[in-house]
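J.: Residue numbers (the working numbering): 68 to 385. Ideal Cβ placement from N, Cα and C applies to all residues, glycine included.
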Amino acid sequence: MSTLDLDGRQAVPDTLPAPVREAPGPDRRRPAGRSRRPRSTGALLSRAGVNGLLAVAALYTLMPLAWLLIAATKDHGDLFGTGGFTLGAFHLFDNLRAVFTADGGIYGRWLLNSLLYSLAGSLVSTLICVAAGYAFDKYHFAGKDKLFGIVLAGILVPGTVISLPMYLLASEAGLVNTYWAVLIPSLVNPFGVYLARVFSEGYIPNEVLEAARMDGASELKTFRTVSLPMLAPGFMTIFLFSFTGSWNSFYLPLMMLNDQSLYPVGLGIYNWNTVVVNNPEYYSLAITGALVAVLPLIAVFIGLQRFWRSGLTAGAVK
Numbered sequence: 068m069s070t071l072d073l074d075g076r077q078a079v080p081d082t083l084p085a086p087v088r089e090a091p092g093p094d095r096r097r098p099a100g101r102s103r104r105p106r107s108t109g110a111l112l113s114r115a116g117v118n119g120l121l122a123v124a125a126l127y128t129l130m131p132l133a134w135l136l137i138a139a140t141k142d143h144g145d146l147f148g149t150g151g152f153t154l155g156a157f158h159l160f161d162n163l164r165a166v167f168t169a170d171g172g173i174y175g176r177w178l179l180n181s182l183l184y185s186l187a188g189s190l191v192s193t194l195i196c197v198a199a200g201y202a203f204d205k206y207h208f209a210g211k212d213k214l215f216g217i218v219l220a221g222i223l224v225p226g227t228v229i230s231l232p233m234y235l236l237a238s239e240a241g242l243v244n245t246y247w248a249v250l251i252p253s254l255v256n257p258f259g260v261y262l263a264r265v266f267s268e269g270y271i272p273n274e275v276l277e278a279a280r281m282d283g284a285s286e287l288k289t290f291r292t293v294s295l296p297m298l299a300p301g302f303m304t305i306f307l308f309s310f311t312g313s314w315n316s317f318y319l320p321l322m323m324l325n326d327q328s329l330y331p332v333g334l335g336i337y338n339w340n341t342v343v344v345n346n347p348e349y350y351s352l353a354i355t356g357a358l359v360a361v362l363p364l365i366a367v368f369i370g371l372q373r374f375w376r377s378g379l380t381a382g383a384v385k
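(1) Do you know how far the Cα of V123 is from the Cα of L132?
(2) Could you give the DSSP three-state label for V249: helix, strand or coil?
(3) Could you check where the alpha helix (DSSP H) with K141 kicks off and where it finishes?
(4) Excluding sequence positions up to five away, which residues of its chain have a Cβ less than 7 Å from the Cβ of N273?
(5) Determine the closest residue to V255 out of A139, W134 and V218, with distance taken between C-alpha atoms.
(6) Are S351 and L135 closer than 8 Å when you measure CB to CB?
(7) Do you know offhand how far Y318's Cα is from A278's?
(8) Are the CB atoms of S192 and S253 nearer to each other than 8 Å?
(9) My output table needs one value for F215: the three-state DSSP class, helix, strand or coil.
(10) Look at Y337 and G301 and say whether their C-beta atoms are less than 8 Å apart.
(11) State the DSSP-derived secondary structure class of I229, mapped to helix, strand or coil.
(12) Just to confirm my understanding: we take L371, look at its own chain, exclude 5 residues before and 5 after, and list those with CB closer than 8 Å. What are they?
(13) If you follow the alpha helix (DSSP H) that N244 is part of, which residue opens it and which one closes it?
(14) Report the CB separation of P320 from V249 in whole angstroms; it is logged as a contact under 8 Å.
(15) What's the call for F290, buried or exposed, on a 16-neighbour Cβ count within 10 Å?
(16) Verify whether the separation of the beta carbon atoms of I222 and F258 is less than 8 Å.
(17) Less than 8 Å separating the beta-carbons of S313 and G188?
(18) If we ignore side chains and look at the alpha-carbon of each, how far apart do N325 and P331 end up?
(19) Of the choices G150, I137 and L126, whose alpha-carbon is the least far from that of L358?
(20) Would DSSP call R101 helix, strand or coil?
(21) Using the beta-carbon count (16 or more within 10 Å), is W177 buried or exposed?
(22) Give me the Cβ distance between V243 and G200, rounded to the nearest whole Å; I'm assuming they're in contact under 8 Å.
(23) Does the distance from the CB of L194 to the CB of Y246 come in under 8 Å?
(24) From F208 to G216, what does the alpha carbon distance come to, in whole angstroms?
(25) Assuming V293 and V275 make a contact with CB atoms under 8 Å, what is their CB distance in whole Å?
(26) From the DSSP output, in three-state form, read off Y206 for me.
(27) Using 8 Å for Cβ pairs, my map puts A299 next to F203. What's the rounded Cβ distance?
(28) Using only the alpha-carbon positions, how far apart do M233 and S316 sit?
(29) E239: which of L214, G210 and M323 sits nearest, CA to CA?
(30) Below 8 Å on the Cβ atoms is my contact criterion, and I expect K141 with T149 to pass it. Report the Cβ-Cβ distance as a whole number of Å.
(31) Could you tell me the distance, in whole angstroms, from the CA atom of G151 to the CA atom of L126?
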């Protein structure tokens, strides 16, 4: 109860009542689980979509190879009497024997020609590309940007467009129907020069070159002993591109060569395939020969895949 003071006014009590607090209501925040479900569902759908597209792409890529492998195991009767993906009697070794003995064993000659065109040509072409890309990156000379622009313009020109001019030049030089008619054009690779410059920018720090020059190394020795080992992943990448392109080259040898003993394996198989109407037995030879022609590419990719890892020397200089 309140009391009155001497003046008749109501005195203020000594203690004030505690403020009334409202009872805590229900938590209206959305549970954490509900906010995460849409995100996880969307991530699962996105992942499933990406995996589905990759599966379709892998199936599209591997189905021809699977058909080729199955067809190469069939004899002539099963090849036309069964489905494309249906196994028949196993005659793979008989087909291989027939491929390497047909027409006097010319298929082995075609394989050796392809190895010559692809291996020797790609090694020399890759070395030229790496040296040119290194020079465009590390040296300064007059007309550097314009010359590199011409190299980039060469990437935009399809090889089939310049096949006829190259044939005319080879004819004037007397190189038609020789190994050089296929080897010399394969040495020019503008895309390889571009890749080599990109790899040189990322793999070779300028400090390493300056240190080598201070130690008295010449420019050629610096490139051979310092830069080239650091460019090994780029060298192998360009080599694989060049090797695959040379191995699968068809139109240029078709224009340049008339002698079957100079054919690469792709052109030789095409030659067999053109006579299947009159000689149906060549159909099995063309299929089995195509399977054998794929194996070197698979072996090269598997054997050189360790060189594809990037960043081996990036950041090596502190």
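T.: Considering the structure as presented:
(1) Roughly 15 Å separates the two Cα atoms.
(2) helix
(3) Run containing K141: none; DSSP gives neither H nor E here.
(4) none
(5) The residue with the shortest Cα to Cα distance from V255 is V218.
(6) no
(7) 47 Å
(8) yes
(9) helix
(10) no
(11) coil
(12) M303, F306 and L307
(13) Premise fails: N244 is in no alpha helix (DSSP H) and is neither H nor E.
(14) 5 Å
(15) buried
(16) yes
(17) yes
(18) 12 Å
(19) I137
(20) Caution applies to R101, whose pLDDT of 49 falls short of 50 and renders its modelled position unreliable; the value that the coordinates give is listed next. Note: R101 maps to helix in three-state DSSP.
(21) buried
(22) Not confirmed; about 32 Å, so no contact.
(23) no
(24) 14 Å
(25) 6 Å
(26) If DSSP states are grouped into helix, strand and coil, Y206 belongs with coil.
(27) 19 Å between Cβ atoms; not a contact.
(28) 15 Å
(29) M323
(30) 7 Å
(31) Each residue's Cα considered, the two are about 15 Å apart.
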